[in-house]
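So the protein sequences, as listed, match chains A and B. If you read the first sequence in our numbering, its first letter stands for residue 1, the second for the next number, and so on. If you read the second sequence in our numbering, its first letter stands for residue 1, the second for the next number, and so on. Accompanying notes for the structure given below.
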Amino acid sequence: MKKRYLYLLLLPGLLFLTVFMIIPIFLTIGTTFINDHGFSIQGYLDFFKDRYFVEILLTTLRVSLFTTILCILLGFPAAYYISKLKQRKKAIMLLLTIFPLLTSPVVRSFSWMVIIGKNGVVNKVLLSIGLIEKPLDILYTPTAIIIGLVHLFLPLIIVTLVGVMENIETDLLKAAESLGASRLAVFSKVVIPLSVPGLVIGSILVFVGSFTAYTTPALLGGKQRVISTFLYQNAITLNEWQVASIVATIMIAVTVLIISIMNGLAKKLNPKG
Amino acid sequence: MKKIISLFMMISVFTLVLAACSSKEEGKGKPAKLVVSTWGFADDFFRPEVYAPFEKEHNVKIVVDSGNNADRLNKVRQANSDVDVIYLSDYYAQQGIDEGLFEKIDAAKVPNMKHIYDQAKAPNGADYGPAYTIAQFGIAYNPDEVSAPISSWKDLWSKDLKGKITIPSITSTTGPMFLDAASNVSGSKEFNEDKAFAQMKKIMPNAVKEYGQTSEFVNMFSQGEIAAGPIMEMYFGDLKEAVPNAKFIAPKEGGYAVMNTVNIVKASDQKELAAEFMNYILSKEVQEKSAKAKIDSPVNTEVKLSEKEATGLTYGDDVINSLRVLDMKFVNESSKQWIDRWNRELAH
């Protein structure tokens, strides 16, 4: 096959995305700027003046941020360990890592209800060893959402990190050690900087995923709303598609903003990367 | 490359064969198709006991489209569904009616209307679909987890129930009923929005979560996350299964009537058949069957149940007549504002 015809292979996918994703997204965004009098950004102004909405947005951002940080803290060491394993063991560990992704978020959320509920395993154990006198309220709080989301997205960050860490040459580490660097120094001066690309991609996946997650917050969260449940309420129950579109556009904008901030940070951390 | 091409060929041949099969099947008996949009609970009862006899009698194939009220109403709104008959709670039916989505009912074509309770005849105005069941919205509680028995709506405000109840979300069918109960508890005779919201604010410390679907309530109750809460009587059986001691009470201020209605969609191409179906589900035969299976409380007054058969059901003239009925037109007109106030003032 001649090389210049190769781009034809892109066409089916491109066509699909254009018709089913790009056009609908632009239509959605377009309608938010039009009201009875033509072009207007009033809808957005109303939103950001509204303390109630800003509060929902901030809660969502806070939950997503905590989830991302926790995922990094838990995922980084795990990924480093897995990347050091032999081929066979590594395959098994990776399979185990992505295992949570194979069950539906509904099932996972329900199992968390059983674990962290008032009569759940955690509270029963803590009560029986006398650490607490009354069951802890974990379920139906933002903490429960964070727990559920970390469980959901940890595999994503581990898998991306393993991919990057595998490509770090062992020679580099040996060179660093032979030049007198301690193990800790090797880890912090060589491994971490070289893992930054994976860290960035993984964090973006986790952050964006948590920001837009619906099932987990809807099932594990309490009275507090997050932005996706708010959007759902407007679109499905209230039939307020205009408001829902504005919320959706704000979500897209925040996502793009976060991705560019993270990319900027990554460049600073790893100027030669 | 050759491999890929042959794979493509195989796939396309395979799909062609499948397509041929399916079109053959359609050509065979040609029964009419009636699409019924419903919640989908107790499907294993409805299919053999309710749909199958109707299918046989009218040479029709009933296709069920299931989901919650809001989702299904939205499908009809977007006009890309082929739903003929739609089951909705009165709250959502009113929305559909106000938007002109449903056909007016010709009572002459639904003769069984004569045999049902007056309250059920026209929950959303004389021209639209009847209620095929009336359920009571009251309170369920676990006597082992509360310090004093519950007998009124007011009791749910008790300090002893802090973090021990759930309340219906304002967007669910029973949400506005609970808001009305709150207004009542505040001491106002007529519904008073400001007082109702002020009263609701006081109950929020007691509520761990708002529930949107009754299954959430059942779950929280069986897991011991909550000890009490307002719920529809028809789901009490599920609670009792998980917590045998559970009690359901009709609050002394009065429970509320939750009416589940049937309507014919305006865009339907099977309106005659749809009216037949409506008449059929109001018949003594079907109403008695679903009552005895404890699926739906009957509205047909000819259905007579023994005391044992009636437990768990909302049954009997005096019970039905004691229920408070909300004006759905008013609810629908105010619901947007209520939802907004609820979000702002209560959901934190």
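Idealized CB from N, CA, C, for every residue including glycine. As the structure is a prediction and not an experimental result, all values here were calculated from the model.
Report yes or no: is there a C-beta of chain A within less than 8 Å of the C-beta of residue i?
i, result
"B:Arg-349", "No information on residue 349 of chain B is available, as it lies outside the stretch 1 to 348 that chain B covers here."
"B:Asn-332", "no"
"B:Glu-225", "yes"
"B:Glu-210", "yes"
"B:Arg-341", "no"
"B:Asn-74", "yes"
"B:Asp-180", "no"
"B:Asp-65", "no"
"B:Ala-70", "yes"
"B:Lys-201", "no"
"B:Lys-329", "no"
"B:Arg-344", "yes"
"B:Lys-336", "yes"
"B:Ala-207", "yes"
"B:Ala-347", "yes"
"B:Cys-21", "Because B:Cys-21 carries a pLDDT of 47, less than 50, the predicted location of this residue cannot be relied on, and the following value inherits that uncertainty. So, not an interface residue."
Counting contacts by CB-CB distance shorter than 8 Å, is residue i in contact with chain B?
i, result
"A:Ile-115", "no"
"A:Lys-3", "no"
"A:Tyr-81", "no"
"A:Asn-119", "yes"
"A:Tyr-52", "yes"
"A:Phe-20", "no"
Nearest by alpha-carbon distance to residue i: which of the options is it?
i, options, result
"B:Thr-133", "B:His-58, B:Lys-201, B:Ala-228 and B:Met-113", "B:Met-113"
"B:Asp-155", "B:Glu-272, B:Leu-282 and B:Ala-227", "B:Ala-227"
"A:Ile-138", "A:Gly-222, A:Val-200, A:Leu-65 and A:Ile-261", "A:Gly-222"
"B:Ile-208", "B:Asp-82, B:Asn-124, B:Gly-163 and B:Lys-201", "First, the residue type needs correcting, since residue 208 of chain B is Val and not Ile in the sequence shown. Ranking the options by Cα distance to B:Val-208, first place goes to B:Gly-163."
"A:Leu-149", "A:Val-162, A:Arg-62 and A:Leu-85", "A:Arg-62"
"A:Gly-30", "A:Leu-257, A:Ile-259 and A:Val-247", "A:Val-247"
"A:Ile-69", "A:Tyr-44, A:Leu-154, A:Ala-176 and A:Val-190", "A:Leu-154"
"B:Val-85", "B:Ser-306, B:Ile-62 and B:Gln-94", "B:Ile-62"
"B:Asn-263", "B:Glu-193, B:Asn-124, B:Ser-152 and B:Ala-70", "B:Asn-124"
"A:Gly-209", "A:Phe-66, A:Gln-42 and A:Ile-34", "A:Phe-66"
"B:Asn-246", "B:Ser-169, B:Ile-150, B:Leu-73 and B:Ser-158", "Contrary to the premise, residue 246 of chain B reads as Ala rather than Asn in this sequence. Closest option to B:Ala-246, Cα to Cα, is B:Ile-150."
"B:Asp-144", "B:Thr-214, B:Ser-283, B:Val-243 and B:Ser-268", "B:Val-243"
"A:Pro-135", "B:Glu-225, B:Ile-167, B:Leu-34 and B:Glu-233", "B:Glu-225"
"A:Gln-87", "A:Gly-180, A:Val-254 and A:Gly-163", "A:Gly-163"
"B:Lys-289", "B:Leu-305, B:Ala-274 and B:Ala-275", "B:Leu-305"
"B:Asn-59", "B:Glu-276, B:Gly-175 and B:Glu-285", "B:Glu-276"
"B:Asp-317", "B:Leu-88, B:Ile-116 and B:Phe-45", "B:Ile-116"
"A:Asn-119", "B:Gln-223, B:Met-200 and B:Gly-187", "B:Gln-223"
"B:Ser-147", "B:Trp-153, B:Ser-158, B:Gly-138 and B:Ile-139", "B:Ser-158"
"A:Met-113", "A:Thr-255, A:Ala-235, A:Ile-145 and A:Lys-90", "A:Ile-145"
Got a sec? Which residues, its chain only, sit under 6 Å from residue i by beta carbon, not counting five neighbours each side?
i, result
"B:Asn-279", "Val-110 and Asn-112"
"B:Asn-184", "Glu-253"
"A:Thr-97", "Pro-155 and Ile-158"
Classify residue i as buried or exposed, calling it buried when 16 or more other Cβ atoms lie within 10 Å of its own Cβ.
i, result
"A:Pro-77", "exposed"
"B:Gly-96", "buried"
"A:Ile-25", "exposed"
"B:Asn-300", "buried"
"B:Ala-108", "exposed"
"B:Thr-173", "buried"
"A:Ser-128", "exposed"
"B:Ala-70", "buried"
"A:Asn-35", "exposed"
"A:Gly-38", "exposed"
"B:Val-331", "buried"
Closer than 8 Å by C-beta to residue i: which residues in its own chain qualify, once you throw out the five before and the five after it? Chain order, please.
i, result
"A:Val-106", "Thr-215 and Leu-219"
"B:Asp-180", "Phe-191, Ala-196, Tyr-256, Arg-324 and Leu-326"
"B:Gly-100", "Lys-266"
"A:Leu-102", "none"
"A:Val-200", "Met-262, Asn-263, Leu-265 and Ala-266"
"B:Ser-322", "Ala-250, Gly-254 and Gly-255"
"A:Val-190", "Ile-168, Leu-172, Leu-173, Ala-176 and Ala-181"
"A:Gln-242", "Thr-31, Thr-32 and Gly-43"
Going along the chain, which residues of its own chain have a beta-carbon closer than 7 Å to the beta-carbon of residue i, five neighbours each way excluded?
i, result
"A:Ile-227", "Ile-56, Leu-57, Thr-60, Val-247 and Met-251"
"B:Cys-21", "Only weak support is given to the placement of B:Cys-21: the predicted model assigns it a pLDDT of 47, under 50, and the value that follows is read from those uncertain coordinates. Here the set comprises nothing."
"B:Ala-120", "Pro-130, Ala-131, Ile-134, Met-259 and Val-299"
"B:Ser-66", "Thr-38, Trp-39 and Gly-40"
"B:Gly-27", "Reliability of the predicted coordinates at B:Gly-27 is poor, the pLDDT of 42 falling under 50, and the value obtained from them is presented with this limitation in mind. Hits under 7 Å: none found."
Where the region 253-274 of chain B meets chain A: residues whose CB sits under 7 Å from a CB there: none
Residues, ordered as in the chain, of the region 234-261 of chain A that lie near chain B by beta-carbon distance below 9 Å: Listed by position along the chain: Ala-235, Ile-236, Thr-237, Leu-238, Asn-239 and Glu-240.
Where the region 121-144 of chain A meets chain B: residues whose CB sits under 8 Å from a CB there: Asp-137, Leu-139 and Tyr-140
Against chain B: residues of the region 206-228 of chain A by CB proximity under 7 Å: Gly-222, Lys-223, Gln-224 and Arg-225
Residues within the region 152-170 of chain B neighbouring chain A, beta-carbon criterion of under 8 Å: Of all residues in the region 152-170 of chain B, Gly-163 have a Cβ within less than 8 Å of some Cβ in chain A.
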